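Numbering (our numbering), first residue to last: 2 to 131. In this text, a Cβ means the ideal position worked out from N, Cα and C, and glycines have one as well. Quantities reported herein were computed from a predicted structural model and do not represent experimental measurements. A short worksheet on the structure shown next.
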């Protein structure tokens, strides 16, 4: 078929389909076999974001009841490693501050900031979700 063809509903092809000009799709396109493009395919950022939102985050109409959680929510070892690391940082900052104060040296603001950030991260990690 030569020329421009527009489809507003589902389109099924039982044989090979060849396009000699630009092809535009305003909705989702599904392919059951291999698809080859002879020219680079351009997608607008808005369409790409909608696709990501609908397909992966679960915001499409068909996925309203599906609750999607990141994989690390169920991984307790990740939380243990992060919490342990933050605790070690806080302990190092406290001990370093005590040692510097014992020798009457100025405590660097960076040491205070790092310790405060680690405490805040611990509070955020163990704070109430939701």
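Segment limits, alpha helix (DSSP H) that includes residue i
i, result
"residue 74", "It is not in any alpha helix (DSSP H) - residue 74 carries neither H nor E in the DSSP assignment."
"residue 115", "110-127"
Residue from the options with nearest C-alpha to residue i
i, options, result
"residue 110", "95, 72, 70, 127", "95"
"residue 122", "70, 104, 80", "80"
"residue 1", "120, 72, 125", "Residue 1 lies beyond the residue range present for the chain, which begins at 2 and ends at 131; the question has no answer from this structure."
"residue 118", "74, 86, 107", "86"
For residue j and residue i, believed in contact at Cβ under 8 Å, the rounded distance
i, j, result
"residue 112", "residue 97", "6 Å"
"residue 108", "residue 101", "5 Å"
"residue 125", "residue 91", "Incorrect: roughly 14 Å between the Cβ atoms, too far for contact."
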